[in-house]
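For what it's worth, my numbering labels the leading residue of the sequence shown as 1101, then goes sequentially.
Backbone N, C-alpha and C define an ideal beta-carbon position, used for all residues, glycine too.
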Amino acid sequence: MTPTDLPEWHVLAQRRRALEQIHIADLFDDDPQRTERFSFEAASLSVDLSRNRIDSGTLRALVALARASNLEKQRDDLLAGAVVNATEARPAWHTALRSTPTDPFVDPAWGARLQAERERFLQFAEQLRAGHVAGATGLALETVVCIGIGGSDLGPRLVTEALGPARRPCVRFAANLDPADLDAALAEANPHTTLLLAISKSFSTLETVENLKAALRWLKQRAPELDPKSHLAAVTSQPDRATALGIDPARVFTFPEWVGGRYSLWSACGLGIAIAHGRKAFGELLAGAAALDAHFAKAPLESNLPVLLGMLGVWYVNFWGIKTRAVVPYSQALQRLPAYLQQLEMESLGKRVDRAGAPLSIDSAPVVWGEIGSNAQHSVFQFLHQGTGWVPLDIVMIADHEGGDQHRTQLLNEFALAQADALAWGDRIVGDEPQPSHRAAPGNRPSTLVRLARLDARSVGALLAMYEHRTFVQSVVWNVNAFDQWGVEIGKQLLARRTRAAGA
Ligand code: F6P
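Next comes the structure, spelled out in structure tokens:
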């Protein structure tokens, strides 16, 4: 299917021409109810689309394009565990990872297996948190160093940080091959009370394998008398590779091969989250994601958050030619969200051929970037307000910063709203007198407000599930496979060739 052949595509091209000269400020002037009309909520999230370059007709046309792209059937296939990843002949059933025994989408056999493995790793996390897991010298393990990269790092690291400081065990992360990363994670760690947790779906990613070897050398050098077996654990879909390294099978936690790396934090890959914050918080994380899954499965497309956000992305990429998008979380705890979304969206949608292997005739993934607010106001907002082009933003806010310094968190949220208004209205919002050109801010620069009710595990789970499904919606319209990543293989092959040539 070529989306540009669809009549719905041509309706949107007409909408773009119709909106070309209309300013966001005019859209508000013409519709006093605009904010209410373009605000939607689900699963402790609320989304305000009103500061976008859309009108009701455009939103209807975008939903019509989603429907014409057979989104509903493909969504149901995804949620039912159908083989949606054709090049690897696999499902992409990450939603099953957050299923409950009564979940209607997941067959009982798979549900039972996934819940049993979840129970295994959560029990291990709780034993560590209770100080009941000892190292070789009988001392309780108090520091956990998670060694993984890409999807085996970004999601777990984001959520572990987002849910606040962890008491003992202290959970640290190391991903980069640059020794400085693992050195920092091992700094001041006591080898007698440290657990090395290797997280790797393939258990063959060079960075992770080399960092694990380096961490074992660190253990040997610092405590030669220690049997490393008591200081090792692993998460992988290749358990034999982990046990072949001498890791105790009782400390090898697995997940199915049909879980994509960038969709895997809900599996045992999230063990670091459970160690840092406990099984209750991990359960809340899964419940928040499951609530968003149910919304995605059942809500009419017209009020379906992942559909609306995904189609808005299609609108800007394919009808306005905007090849970038930014995410600005006004929350220090969500500082890793842009990096996480870069992998989720650019590794899922950064494709040049469709699912039949034919070259795309339209643009697919935009460049995703971001910075936390309010810091971004002192680095990139000059560009966003007065640059020659415009960049659609997701501004992510926490409605209720429970417990924090209310004065500064209220100012933080006021700042977020002020920036969104300034981008939309430009200097029209501060008065009617014309500004000299070097001061003029044209406005008409779109942003979407994504509000979490509060910064807790349930809201974070819903937020990340929403972005997972937003990504899937776009893959359906662009007719690309969101779940493979062949582009990363060429680098691995060249590295192998170079190291063979160098005899490394
Ligand atoms: O970037 C390629 C990739 O395969 C990601 O999809 C994955 O999350 C990462 O490398 C790490 O892979 P693994 O979990 O197998 O070590």
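**Prompt:** Among residues of its own chain, excluding the 5 on either side of residue 1291, which ones have a beta-carbon nearer than 6 angstroms to its beta-carbon?
**Reply:** 1319, 1322 and 1323
**Prompt:** Between which two residues does the beta strand (DSSP E) containing residue 1296 stretch?
**Reply:** 1294 to 1299
**Message:** Which residues does DSSP list as the beta-bridge partners of residue 1547?
**Reply:** According to DSSP, which records beta bridges pairwise, residue 1547 is partnered with 1493.
**Message:** Rounded to the nearest angstrom, what separates residue 1204 and residue 1211 at their Cα positions?
**Reply:** 10 angstroms
**Message:** Let's see if you can read the secondary structure: which residues bound the alpha helix (DSSP H) around residue 1606?
**Reply:** The displayed coordinates of the chain run from 1101 to 1604. Any statement about residue 1606 would go beyond what the structure contains.
**Request:** Out of 1273, 1423 and 1528, state which residue places its alpha-carbon closest to the alpha-carbon of residue 1261.
**Result:** 1273
**Request:** For residue 1189, count neighbouring Cβ atoms within 10 angstroms of its own Cβ and tell me buried if that reaches 16, exposed if not.
**Result:** In summary, residue 1189 is exposed, with fewer than 16 beta-carbon neighbours lying within 10 Å of its beta-carbon over all protein chains present.
**Request:** Find out if the Cβ-Cβ distance for the pair residue 1590, residue 1491 is shorter than 8 angstroms.
**Result:** no
**Item:** Span of the beta strand (DSSP E) around residue 1429
**Value:** 1424 to 1429
**Request:** Please name the residue in 1112, 1498, 1277 and 1209 whose C-alpha comes closest to that of residue 1419.
**Result:** 1112
**Contact check, residue 1144 vs residue 1388, beta carbons under 8 angstroms** = yes
**Request:** Grab me the residues of residue 1228's own chain with a C-beta within less than 8 angstroms of its C-beta, minus the 5 sequence neighbours each way, in chain order.
**Result:** 1241, 1244, 1269, 1295 and 1375
**Asked** Is the Cβ-Cβ distance between residue 1341 and residue 1303 less than 8 angstroms?
**Response** Closer than 8 angstroms, so yes.
**Asked** With DSSP run on the structure shown, which of helix, strand or coil describes residue 1353?
**Response** strand
**Request:** Measure the alpha-carbon distance for residue 1173 versus residue 1130 and round it to whole angstroms.
**Result:** 37 angstroms
**Message:** Which of the three DSSP states is assigned to residue 1161 in this structure?
**Reply:** helix
**Message:** What would DSSP say about residue 1552, mapped onto helix, strand or coil?
**Reply:** strand
**Request:** Compute every distance between the C-beta of residue 1302 and the non-hydrogen atoms of ligand 1, then say whether any falls below 7 angstroms.
**Result:** Under cutoff, so the answer is yes.
**Message:** So residue 1495 and residue 1547 are supposed to be a Cβ contact under 8 angstroms. How far apart are they, rounded?
**Reply:** 5 angstroms
**Message:** Looking at ligand 1, does it come within less than 7 angstroms of residue 1464, judged from the CB to the closest heavy atom?
**Reply:** no
**Request:** Determine the burial state of residue 1308: buried for a count of at least 16 other Cβ atoms within 10 Å of its Cβ, exposed for fewer.
**Result:** Only buried fits residue 1308, as 16 or more other CB atoms lie within 10 angstroms of its CB.
**Asked** Could you give the residue range of the beta strand (DSSP E) that holds residue 1326?
**Response** Taken as a continuous stretch (DSSP letters only), residue 1326 belongs to no beta strand (DSSP E), as it is neither H nor E.
**Prompt:** According to DSSP, what are the bridge partners of residue 1470?
**Reply:** 1427
**Prompt:** Using a threshold of 7 angstroms, is the CB atom of residue 1362 nearer than that to any non-hydrogen atom of ligand 1?
**Reply:** yes
**Request:** Go through its chain and collect everything with a Cβ distance to residue 1357's Cβ below 6 angstroms, but skip five positions before and after it.
**Result:** 1337
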